[in-house]
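Visitor:
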Amino acid sequence: MKEFKRHLVTTALPYANGPVHIGHLAGVYVPADIYVRYLRLRGRDVVFIGGSDEHGVPITIKARQAGVSPQEIVDRYHALIKDSFERFGISFDIYSRTTSKIHHQTASNFFKTLYDNGKFVEKETEQYYDAEAHQFLADRYITGTCPHCGNERAYGDQCEQCGTSLNATDLINPKSTLSGSVPVLRATKHWYLPLDQYEPFLRDWILEGHKEWKSNVYGQCKSWLDLGLQPRAVTRDLDWGVPVPIKGAEGKVLYVWFDAPIGYISNTKELLPDTWEDYWKSDDCSMVHFIGKDNIVFHCIIFPAMLKAEGSFILPQNVPANEFLNLENDKISTSRNWAVWLHEYLDDFPGKEDVLRYTLTANAPETKDNNFTWKDFQDRNNNELVAIYGNFVNRALVLTQKYFDGIVPKIADLTDYDKETLAEIALIRANVENSLENFRFREGLKETMNLARLGNKYLADTEPWKLIKTDEARVKTILNVALQLAANMALLSEPFLPFSSARLKEMLHLPEIAWECIGNSDLLTSGHMLGEPFLLFEKIEDEDIEKQLKRLADTKVANEKNSFKASPAKSDISYDEFSTMDIRVGTVLEAAKVPKTDKLMKLLIDTGIDKRTIVSGIAAYFTPEELVGKQVCVLVNLAPRKLKGIDSQGMILLAEDADGKLVFVTPDQAVMNGVVVK
RNA sequence: GGCGAGGUAGCUCAGCUGGUUAGAGCGCAUGAUUCAUAAUCAUGAGGUCGGCGGUUCAAUCCCGCCUCUCGCUACCA
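Residue numbers (the working numbering): 62 to 739.
1. Taking DSSP as the reference, what is the three-state secondary structure of Asp344?
2. Going by DSSP in three states, Ser157 sits in which element: helix, strand or coil?
3. My parser needs the alpha helix (DSSP H) runs of 4 or more residues fully inside the stretch 313 to 372; what are they?
4. Identify whether Asp667 lies in helix, strand or coil by the three-state DSSP scheme.
5. Quick one: what's Tyr189 bridged to in DSSP?
6. Please say whether Thr538 and Asp477 have beta carbons closer to each other than 8 angstroms?
7. How big is the Cα-Cα spacing for Leu417 and Cys282?
8. Is the number of C-beta pairs between the stretch 99 to 118 and the stretch 68 to 86 that are closer than 8 angstroms three or more?
9. Can you check which of these residues, Asp522, Lys463, Val295 and Glu133, is closest to Thr482 by C-alpha distance?
10. For Gly309, count neighbouring C-beta atoms within 10 Å of its own C-beta (all shown protein chains included) and say buried if the count is 16 or more, exposed if not.
11. Counting C-beta neighbours from all protein chains within 10 Å, is the total for Leu288 16 or more, i.e. buried, or is it exposed?
12. Pick from Arg148, Glu193, Gln258 and Val91: whose alpha carbon is nearest that of Lys180?
13. Go through its chain and collect everything with a Cβ distance to Trp285's Cβ below 7 angstroms, but skip five positions before and after it.
14. Going by C-alpha distance, which of Thr72, Ile155 and Leu512 is nearest Lys330?
15. Who are the near neighbours of Glu651 in its chain, counting only those whose CB is closer than 6 angstroms to its CB and skipping five residues on each side?
16. Just to confirm the assignment: which complete alpha helix (DSSP H) runs, minimum length 4, are found wholly within the stretch 502 to 530?
17. With a threshold of 8 angstroms on Cβ separation, who are the neighbours of His271 within its own chain once the five nearest residues in sequence on each side are excluded?
18. Where does Thr296 fall in DSSP's three states?
19. Mind checking Ala168: buried by the 16 CB within 10 Å criterion, or exposed?
20. Tell me whether the beta-carbon of Leu696 lies closer than 8 angstroms to the beta-carbon of Met712.
21. Does Phe109 pass the burial test, meaning 16 or more other C-beta atoms within 10 Å, or should it be called exposed?
22. With DSSP as the reference, label Ala124 as helix, strand or coil.
23. Does the stretch 527 to 535 come close enough to the stretch 551 to 562 that 3 or more CB-CB pairs lie under 8 angstroms?
24. Report the residue from Arg264, Phe197, Trp274 and Leu332 whose alpha carbon sits nearest the alpha carbon of Ser237.
25. What's the gap between the Cα of Pro255 and the Cα of Ala400?
26. What three-state label does DSSP hand Glu687 in the structure shown?
27. Skipping 5 residues on each side, what residues in its chain have a beta carbon closer than 7 angstroms to that of Ile326?
28. Where Lys413 and Asn170 are concerned, what is the direct C-alpha to C-alpha distance, given to the nearest angstrom?
29. I need the boundaries of the alpha helix (DSSP H) containing Phe181, first residue and last residue.
30. If we count Cβ pairs, one from each stretch, closer than 8 angstroms, do we get three or more for the stretch 296 to 314 versus the stretch 377 to 393?
31. For the alpha helix (DSSP H) that Pro131 lies in, which residues bound it at each end?
32. Could you check if Pro92 is buried or exposed, using at least 16 other CB atoms within 10 Å of its CB as the buried criterion?
33. Can you find the residues in the same chain that come closer than 7 angstroms, C-beta to C-beta, to Leu544, ignoring five residues on each side of it along the sequence?
Quick look at the structure:
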């Protein structure tokens, strides 16, 4: 592995419309912080960049809902996020934000450079425009009736009732959420980054040049490249963001995914106004992006293409993306409040920052999605941190206190076993280093704990509490060795457990010692006065865990209550309008799954009028066998539509339950096919 | 459906380019021990390495098919 002069470590910018939860921590911030702390301890030149992502449509919507300005929203969450990271010991060199002046300038200049060098393609498309509010509407600003489930409050990008993703133009009766007026389609011009042109470069750089990347990252990139890249719009019609810095682009801003990664550059600039280019534009700097798997394509495909287009920046050396963390066997979800929020954890478990850091690292989703449970959190604290690490330290200190008044005793003679034990430290250190250099944090942590295990074994084998009656000189040697192990543990565990490391150093009255000294057996000199022993970790009781579990159970109950709300009645219609719908009872004659789809079923229906083909999205809930012979209600005068190449002539009526399950609306006695439903 | 990642002991995970009896931590059982927050130490039980085929002298590791989980994507009148 090439030795770099400088290191630039970035973490995904959390979106400033909500607080940070354990999923963010486990996937991005904890591993990044371990890596950075390690590099610093090795004396490497490293900058650690973080910040809030504060632009984009969801923030403007949240602001509108709360009746405040977008700035107020981002101010609130930026402050909350920044503060909780700080309390949790994520050791950013800077945690800034994309609404900063310097970011606006940087992003603006970046765009301008690409524009001036002809790196963009201009395209005109038709988008909804609100004539009353005098602006184009992002998909999220348009509501209307979902063509699938009839929800009248579906958004232009997605219906939140049935989960379908939509195009704004799909909506029935579209309405602008700004003015309530009916939007009109109008042409608008945007700039696109022609990603397709960068395909050969990306292919060579990633697929040939970075085979060492994690398999999930490499595989995802390969998948994208093999599918073929499309030009992507880098601008939007919106009034919240970085204005597009060219003439004729008034009212347009940079699309949020274009401006956000530039935030890494801006924040470095803010931190190091004079020397930032040493990190961003010098081949002897290694840049590493810590992200979650949802961000792979942005950091491995799009941002590198942007950097390449600009021309003067380096590309990331690695992008160690993690998978996702689940919570108590369920997906973490901000909207469902299914999460452990960092700021709440810090309040509920004061002084236990390292317990969460430990649990999240030991169980990090490095290779696949993992599950966080409070029981596991308690077990790892009680059985590992307390029983192995804390206990060993406590034993060494308490024995020294008891026998030698807390003064590091002098070594008489080292036995072979003593020497072997001490020699083990350097081996463990090498293993930890190797793990961390290769982004294997789980493994590094386990290795670190092996040092404490070694200490416990050493004490059990040498039994100083027995020897004290017969051979005080030997006990002095034993405790000296044990204390050296404890001191080494204080140093070795620092990247992972910085708070405990500091407390242990304090307990040992250990001065600042270089990482390279780990493995030495004279970190504490004889005659050195130790501090008062206190407990490094405390047990976590069942009631603490039960409190957290109850909170989650309450959330679940609340979610179930909220999940089903009968949608409000639609506006009145006349009988004539109703009677235009021709609904008949029909019988299913044949049913077969449509190949190459998950949900579509092709049905042949005897409507009494004729026999016709209808395609319906019910394959997930019914088998063909149970459908044949069934009587159903059919809207027969719905305009035909092609689905997967099959002409669908009508619609089967179904009721969708709160959990999405579909149920037929069917006559409760057999009737003739073709009978009218009214 | 397409693509990607994953399916290894009760739980969480290792297993690097195929090679002797498949490993670790936690949990469990038994024994030892009492300096220590009943904390530790030793020993042990426990796996048809998702299923079926194939390549090979030899496959957890390579190839094909199937199946389950997660993600991206298509589809839902």
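Ideal Cβ positions, reconstructed from N, Cα and C, are used throughout, including at glycine.
Guide: Well, looking at it:
1. coil
2. strand
3. 317 to 332, 337 to 341 and 364 to 371
4. strand
5. Leu246
6. no
7. 32 angstroms
8. yes
9. Asp522
10. That one is exposed.
11. By the 16-neighbour rule on beta-carbons within 10 angstroms, Leu288 is exposed.
12. Gln258
13. Val358 and Ile362
14. Ile155
15. Leu665
16. Within the stretch 502 to 530, the complete alpha helix (DSSP H) runs of at least 4 residues are 502 to 523 and 525 to 528.
17. Once the five neighbours on either side are set aside, the close Cβ partners of His271 are Tyr279 and Asn379.
18. strand
19. buried
20. yes
21. buried
22. Ala124 carries a helical assignment under DSSP once its states are collapsed to helix, strand and coil.
23. no
24. Each of Arg264, Phe197, Trp274 and Leu332 was checked against the Cα of Ser237, and the nearest Cα belongs to Phe197.
25. 38 angstroms
26. helix
27. Thr167 and Trp341
28. 44 angstroms
29. It is not in any alpha helix (DSSP H) - Phe181 carries neither H nor E in the DSSP assignment.
30. no
31. Pro131 to Phe149
32. buried
33. Ala457, Thr461, Val469 and Leu585
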